[in-house]
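Engineer:
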Amino acid sequence: MSDPIIRVSKLSKSFGHNGLFVGRQGPLAVNNVSFDVYAGETLGIVGESGSGKSTLLRMILRLIRPTAGTVHLKGRDIWAMSDARRTLPRDMQAIFQDPASSFNPRQTINAILTAPLDVHDVGTRSTRREAVAESLERVGLSLDMAKRLPHQLSGGQKQRVAIARAILLKPAVVLADEPTSSLDVSVQAQVLKLFLQTKQDLNLTMVFVSHNLAVIRQVSDRVAVMRGGELVESGSAADIFERPQTDYTRDLIAAVPDPFAIVSRHMSQQGSAS
Amino acid sequence: MTDVSDARPHRAGETPTLAIRDLVVEFPKRHESVRVVDRISLDVWPCEIVGIIGESGSGKTVTALSALRMLPKRSRIFGSIALGGRPLLDLDDRSMRQLRGDRLAFIPQDAMRALNPTLRVGMQVGEPLTLHKHTPWRRALDKATDLLGSVGIREPQTRMRQYPHEFSGGMQQRAMIAMGLALEPELLIADEPTTALDVTVQAQVLRLLKAIRDDKNTAILFITHDLGVVAELCDWVYVMHRGRIVEDGSIRRIFTAPRDDYTRMLLAATPSLSHAANVPPSLAAEVHT
Amino acid sequence: MTAGLNWPRYRLVFLGGALVTLVLLAAIFANWVAPYSPLDLDVVQMLQGPSHDHWLGTDELGRDVLSRAIFAARVSMEVAFVAVSVGLVGGTLVGLVAAYFGGWADLVLMRAMEVLFSFPAILLAVVLMASLGTNVLNAMIAIGIVFIPGFSRLARASTQAVLRQSYVEAARTIGMSDARIIFREILPNIVSTLIVEAAVAFAYAVLLESALSFLGLGAQPPDPSWGNMLNTGRGFLAQAPWLSLVPGMAMFLCVLGFNLLGDGLRDIFDPHLRD
Numbered sequence: 001m002s003d004p005i006i007r008v009s010k011l012s013k014s015f016g017h018n019g020l021f022v023g024r025q026g027p028l029a030v031n032n033v034s035f036d037v038y039a040g041e042t043l044g045i046v047g048e049s050g051s052g053k054s055t056l057l058r059m060i061l062r063l064i065r066p067t068a069g070t071v072h073l074k075g076r077d078i079w080a081m082s083d084a085r086r087t088l089p090r091d092m093q094a095i096f097q098d099p100a101s102s103f104n105p106r107q108t109i110n111a112i113l114t115a116p117l118d119v120h121d122v123g124t125r126s127t128r129r130e131a132v133a134e135s136l137e138r139v140g141l142s143l144d145m146a147k148r149l150p151h152q153l154s155g156g157q158k159q160r161v162a163i164a165r166a167i168l169l170k171p172a173v174v175l176a177d178e179p180t181s182s183l184d185v186s187v188q189a190q191v192l193k194l195f196l197q198t199k200q201d202l203n204l205t206m207v208f209v210s211h212n213l214a215v216i217r218q219v220s221d222r223v224a225v226m227r228g229g230e231l232v233e234s235g236s237a238a239d240i241f242e243r244p245q246t247d248y249t250r251d252l253i254a255a256v257p258d259p260f261a262i263v264s265r266h267m268s269q270q271g272s273a274s
Numbered sequence: 001m002t003d004v005s006d007a008r009p010h011r012a013g014e015t016p017t018l019a020i021r022d023l024v025v026e027f028p029k030r031h032e033s034v035r036v037v038d039r040i041s042l043d044v045w046p047c048e049i050v051g052i053i054g055e056s057g058s059g060k061t062v063t064a065l066s067a068l069r070m071l072p073k074r075s076r077i078f079g080s081i082a083l084g085g086r087p088l089l090d091l092d093d094r095s096m097r098q099l100r101g102d103r104l105a106f107i108p109q110d111a112m113r114a115l116n117p118t119l120r121v122g123m124q125v126g127e128p129l130t131l132h133k134h135t136p137w138r139r140a141l142d143k144a145t146d147l148l149g150s151v152g153i154r155e156p157q158t159r160m161r162q163y164p165h166e167f168s169g170g171m172q173q174r175a176m177i178a179m180g181l182a183l184e185p186e187l188l189i190a191d192e193p194t195t196a197l198d199v200t201v202q203a204q205v206l207r208l209l210k211a212i213r214d215d216k217n218t219a220i221l222f223i224t225h226d227l228g229v230v231a232e233l234c235d236w237v238y239v240m241h242r243g244r245i246v247e248d249g250s251i252r253r254i255f256t257a258p259r260d261d262y263t264r265m266l267l268a269a270t271p272s273l274s275h276a277a278n279v280p281p282s283l284a285a286e287v288h289t
Numbered sequence: 001m002t003a004g005l006n007w008p009r010y011r012l013v014f015l016g017g018a019l020v021t022l023v024l025l026a027a028i029f030a031n032w033v034a035p036y037s038p039l040d041l042d043v044v045q046m047l048q049g050p051s052h053d054h055w056l057g058t059d060e061l062g063r064d065v066l067s068r069a070i071f072a073a074r075v076s077m078e079v080a081f082v083a084v085s086v087g088l089v090g091g092t093l094v095g096l097v098a099a100y101f102g103g104w105a106d107l108v109l110m111r112a113m114e115v116l117f118s119f120p121a122i123l124l125a126v127v128l129m130a131s132l133g134t135n136v137l138n139a140m141i142a143i144g145i146v147f148i149p150g151f152s153r154l155a156r157a158s159t160q161a162v163l164r165q166s167y168v169e170a171a172r173t174i175g176m177s178d179a180r181i182i183f184r185e186i187l188p189n190i191v192s193t194l195i196v197e198a199a200v201a202f203a204y205a206v207l208l209e210s211a212l213s214f215l216g217l218g219a220q221p222p223d224p225s226w227g228n229m230l231n232t233g234r235g236f237l238a239q240a241p242w243l244s245l246v247p248g249m250a251m252f253l254c255v256l257g258f259n260l261l262g263d264g265l266r267d268i269f270d271p272h273l274r275d
């Protein structure tokens with residue numbers, strides 16, 4: 001296999017607090033986590049609340065400084081890069097959980113989508129306008145959405161805009177933190193479909209964090225299970241869901257009320273009873 | 001496989017625990033009023049767990065709140081709601097308050113916000129007894145300890161003396177359930193009580209609710225957006241969409257032979273663990289997001 | 001918006017706005033509005049009560065009280081405007097920087113603010129005036145410094161609330177510079193809160209300026225200011241009560257106006273009350 005596009009090694013984070021005289025180290029939110037992500041795949045990170053999955057994602061995004069360990073993107077240590085602010089965003093973008101707070105409420109969708117191009121000085125005015133129009137089209141939104149303010153959009157539309165923003169700089173990697181968790185199932189299904197389509201069209205590498213096992217199964221090639229800051233196990237999606245190696249993963253899967261499994265169980269019980 | 005008929009177990013001579021008939025709820029807004037619940041009728045029979053499933057804006061929570069008479073004052077309600085045959089909409093506020101907690105209990109989505117952060121959990125669980133039954137505090141607290149134990153909280157004596165923030169999310173929800181059960185109500189109305197919980201904790205709470213139904217014969221009206229939870233827990237389910245009930249039926253019938261397009265869409269949109277690589281089937285009835 | 005206006009609530013905002021407009025117009029057009037010069041002496045007409053010639057009477061040197069009150073409004077408005085601007089800009093910068101960079105910057109800046117905050121406002125102003133020298137410009141600066149800690153706390157708290165929103169993380173993820181994040185993403189979203197606070201601070205600035213002038217630390221006689229007019233009137237309370245009543249009422253209406261306006265703006269800007 002070729003070199004990984006993201007290499008996370010021995011990453012740890014504890015949220016301490018700096019007092020005037022004494023600093024205190026908190027418990028480890030992420031504890032010695034290592035994994036690789038290869039080009040073109042989707043890695044799903046699944047875990048319950050407090051598992052450290054979001055903290056892990058933010059460390060990869062360079063939003064939180066790790067207490068220990070390194071993150072390499074395309075072979076470069078992201079915390080050792082002097083030009084990280086300029087170069088990193090062109091390789092790696094993100095989509096966040098809460099569509100309501102993902103956008104500056106005072107900017108139009110057009111301003112929000114133009115910002116990445118602006119910041120990185122991509123193209124001319126007219127090519128920027130074209131790029132924004134193209135990205136809106138790709139996520140299935142009409143051009144007149146550009147004039148609106150975020151609160152005039154539905155949750156699903158906002159997540160579509162978030163996807164548009166994430167792909168504008170043509171990054172190789174997109175990281176998503178529970179991007180569909182606050183959406184209704186019918187909307188979630190459409191947004192997930194868009195995710196898969198976009199990933200395929202643009203040949204993206206994705207890291208997808210969620211607490212929802214069914215969603216993780218649907219989007220992931222490989223899955224990492226986290227608990228209490230530690231990586232419990234990782235493997236191909238099929239292995240994790242059909243041949244889980246740890247009790248924790250087994251419990252987690254068993255706890256999911258899967259409607260189709262429950263109904264077929266009901267039916268087989270009734271069938272054998274009669 | 002051919003048998004997808006879903007006759008509800010016949011209940012001759014019984015009165016439904018909750019009977020809602022032609023309920024309409026409107027909220028005045030600016031000049032016109034918005035109809036949030038549009039002529040719905042539903043029954044919850046004794047000892048039955050009934051689900052209302054719907055997405056945001058379907059009117060499911062408003063339906064639950066109208067049965068509790070907890071809607072904002074400015075809302076307009078038409079139709080009838082009866083608890084054990086007794087009409088609720090004509091009751092004055094005082095009788096309604098007595099009914100709530102006594103024969104009717106509510107479990108909200110966010111237990112943390114429903115518990116008073118400055119009072120010990122034991123006090124809060126015991127309070128309904130002193131309010132409604134004038135039980136002396138001493139005995140109310142003993143009963144509260146039993147209740148906490150019965151909802152699966154370990155070392156209830158110790159936990160009684162703790163404050164809500166010392167409880168985990170799942171334990172807070174259990175405490176809310178214990179409080180709701182204090183007066184052995186006929187009907188428990190639960191509004192997405194497990195949505196904020198982790199799946200493993202959710203599974204425990206669902207087991208607890210089933211045990212309550214089995215042991216105490218409490219009827220439960222369970223509001224949720226999660227098809228999986230409905231399948232796991234409920235005997236009968238009403239599907240709500242835009243203020244209306246689009247269909248109702250047994251779990252088995254709804255899942256295997258849905259009659260309404262919306263239900264079909266909902267089923268198709270639900271990601272499943274058991275269907276490997278289930279890219280959602282073509283969403284024929286694609287709702288505009 | 002118009003259809004949804006809650007009239008009883010907005011009536012008070014309009015009253016506040018009207019009072020404020022009145023005072024501002026009087027201050028700006030004092031030269032044209034005032035019937036007399038505030039400094040012209042007329043020894044014959046000393047301590048006259050309200051009359052056709054002098055609507056609000058004359059003072060101990062025969063100057064027209066109405067004209068002096070109008071010109072005093074100009075002093076008050078100037079002082080309040082500059083002082084609030086100093087407090088608003090200074091406090092906002094301190095609060096924004098403290099919240100955004102956190103850590104040591106936050107620790108040092110906010111401890112400094114707490115030191116300033118721990119002095120009673122009037123005492124702090126008096127001490128600052130004493131060391132800066134007594135004139136109107138220094139009164140402006142002193143009152144402005146008094147306001148900085150309050151604005152900085154508000155700005156810091158509002159910034160922290162905005163920092164929790166994912167659009168700030170999103171801005172970092174697209175590689176925006178700190179300055180651009182602060183001025184484009186954060187500032188526009190905290191400015192309405194700060195403006196409401198500024199309206200209320202304006203009222204307080206008017207009071208502080210009057211207090212300083214009353215103590216002889218602000219506008220110097222013969223220049224009129226509500227504070228030094230009150231101080232003068234104090235000596236003639238029995239013979240000529242209008243000397244105290246006029247500046248007192250002027251201050252009262254002005255402070256009331258700014259407070260009503262501030263409260264009203266808070267309601268209007270509060271997103272929870274919209275729609």
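Protein chains in written order, with my numbering: chain H, 1 to 274; chain C, 1 to 289; chain V, 1 to 275. Every residue, glycine too, gets a C-beta built ideally from N, C-alpha and C.
1) What would DSSP say about Q152(H), mapped onto helix, strand or coil?
2) Within 10 angstroms of its Cβ, does M70(C) collect 16 or more other Cβ (buried), or is it exposed?
3) Closer than 7 Å, Cβ to Cβ, to anything on chain H: give me those residues from the region 235 to 266 of chain C, in chain order.
4) Quick check: is the beta carbon of R274(V) nearer than 7 Å to any beta carbon in chain H?
5) Can you pull out the residues from the region 206 to 227 of chain H whose beta carbon lies closer than 8 Å to at least one beta carbon of chain C?
6) How is the beta strand (DSSP E) around K316(C) delimited, first residue to last?
7) With 7 Å set as the bound, which would you pick, yes or no: does the beta-carbon of N280(H) sit closer than that to a beta-carbon of chain V?
8) What's the C-alpha gap between L208(V) and A166(H)?
9) Taking Q197(H) as the reference, which of I216(H), G140(H), R62(H) and K53(H) has the closest Cα?
10) Out of S126(H), R160(H) and T55(H), which has the shortest C-alpha to C-alpha gap to V46(H)?
11) Would you mind sorting L39(V) into buried or exposed? The rule is 16 or more other CB atoms within 10 Å of its CB.
12) So within the region 77 to 149 of chain C, which uninterrupted alpha helix (DSSP H) runs reach at least 4 residues, ignoring any that extend past its ends?
13) Quick one: Cα of G257(V) to Cα of A69(V), how far?
14) Just to make sure I have the definition right: I need the residues of chain H whose C-beta is within less than 8 Å of the C-beta of S166(V). Which are they?
15) P188(V) versus chain H: which residues are under 7 Å apart at the beta carbon?
16) Find the residues of chain V that neighbour L63(H), judging by a C-beta separation of less than 9 Å, and give them in chain order.
17) Counting only the same chain and skipping the five closest in sequence on each side, list residues whose C-beta sits under 7 Å from that of A68(H).
18) Can you find the residues in the same chain that come closer than 6 Å, C-beta to C-beta, to Y36(V), ignoring five residues on each side of it along the sequence?
19) Tell me the DSSP secondary structure of T289(C) in three-state form.
20) Establish whether the CB of M176(V) and some CB of chain H are separated by less than 7 Å.
21) For F15(H), which three-state DSSP category applies?
22) Span of the beta strand (DSSP E) holding F236(V)?
23) My assumption, with CB atoms under 8 Å, is that F236(V) sits in contact with L24(V). Please give the rounded CB distance.
24) By Cβ distance, which residues of its chain are closer than 7 Å to A198(V), with the 5 residues on each side in sequence left out?
25) By Cβ distance below 7 Å, which residues in the same chain neighbour R274(V) in space, the five residues on each side in sequence not counted?
26) So which residues of chain H does E185(V) contact, with C-beta pairs closer than 7 Å?
27) Secondary structure at D261(C), three-state DSSP: helix, strand or coil?
28) Under 7 Å between C-beta atoms, does S282(C) make it to chain H?
29) Give the straight-line distance between the Cα atoms of D214(C) and W236(C), rounded to the nearest whole angstrom.
30) Do the CB positions of L221(C) and A178(C) come within less than 7 Å of each other?
31) If distances are taken between C-alpha atoms only, which option among A170(V), D106(V) and F119(V) comes closest to S101(H)?
32) Using a Cβ cut-off of 7 Å (strictly closer), state whether S236(H) contacts chain C.
33) Cα separation between P66(H) and I195(V)?
34) 7 Å is my cut-off, CB to CB: does V199(C) come that close to chain H?
35) Is it buried or exposed, P280(C), if we count other Cβ atoms within 10 angstroms and call 16 or more buried?
36) My understanding is that A98(V) touches D106(V), with C-beta atoms under 8 Å, so please give their C-beta distance in whole angstroms.
Structural biologist: The structure says:
1) The answer is helix: DSSP assigns Q152(H) an H, G or I state.
2) Residue burial annotation: M70(C) is exposed, with fewer than 16 other C-beta atoms found within 10 angstroms of its C-beta.
3) Residues of the region 235 to 266 of chain C that bring their beta carbon within less than 7 Å of a beta carbon in chain H comprise I251, R252, F255, T256, M265 and L266, in sequence order.
4) Residue confidence is low: R274(V) scores 47 on pLDDT, short of 50, so the model does not pin down where it sits. Its coordinate-derived value is still stated next. Taking 7 Å as the CB threshold, R274(V) stays off the interface with chain H.
5) The region 206 to 227 of chain H vs chain C, Cβ under 8 Å: H211, N212, L213, A214, V215, R217 and Q218.
6) No answer is possible for residue 316(C): it lies beyond the span of chain C, which begins at 1 and ends at 289.
7) The requested residue 280(H) does not occur in the structure, where chain H is confined to residues 1 to 274.
8) Taking the straight line from one Cα to the other gives about 52 Å.
9) Out of I216(H), G140(H), R62(H) and K53(H), G140(H) has the C-alpha closest to the C-alpha of Q197(H).
10) The closest CA to that of V46(H), considering only S126(H), R160(H) and T55(H), is found on T55(H).
11) Under this definition L39(V) is an exposed residue.
12) List check, alpha helix (DSSP H) in window: 93 to 102, 111 to 114 and 121 to 133.
13) Those two C-alpha atoms are separated by around 17 Å.
14) In chain order: F96, Q97, D98, S101 and S102.
15) Under the 7 Å cutoff, chain H gives R106.
16) Near L63(H) (Cβ distances below 9 Å), the residues of chain V are E169, R172 and T173.
17) Correct list, in chain order: K10 and S12.
18) Correct list, in chain order: D64 and S67.
19) Any reading at T289(C) must be qualified, since the residue scores a pLDDT of 39, below 50, and its modelled position is unreliable; no value is offered.
20) Interface residue, yes.
21) The answer is coil: DSSP assigns F15(H) none of H, G, I, E or B.
22) Counting along the chain, F236(V) sits inside no beta strand (DSSP E), nor does DSSP assign it H or E at all.
23) Taking C-beta atoms under 8 Å as the contact rule, F236(V) and L24(V) fail to qualify, at a distance of about 30 Å.
24) The residues are V84 and L88.
25) With a pLDDT of 47 at R274(V), under the threshold of 50, the modelled position of this residue cannot be trusted, and the question is left open.
26) Chain H residues near E185(V): N104.
27) Helix at D261(C).
28) Because S282(C) carries a pLDDT of 36, less than 50, the predicted location of this residue cannot be relied on, and no value is offered for it.
29) Rounded to whole angstroms, D214(C) to W236(C) spans 16 Å at the Cα level.
30) At least 7 Å separates the beta-carbon of L221(C) from that of A178(C).
31) Closest option to S101(H), judged by alpha-carbon separation, among A170(V), D106(V) and F119(V): A170(V).
32) Closer than 7 Å: no.
33) Rounded to whole angstroms, the gap between the alpha carbons of P66(H) and I195(V) is 38 Å.
34) The beta carbon of V199(C) sits closer than 7 Å to some beta carbon of chain H.
35) Only weak support exists for where P280(C) lies, its pLDDT of 42 falling under 50; the coordinates are left without a value.
36) At roughly 4 Å, the Cβ-Cβ gap stays under 8 Å, so A98(V) and D106(V) are in contact.
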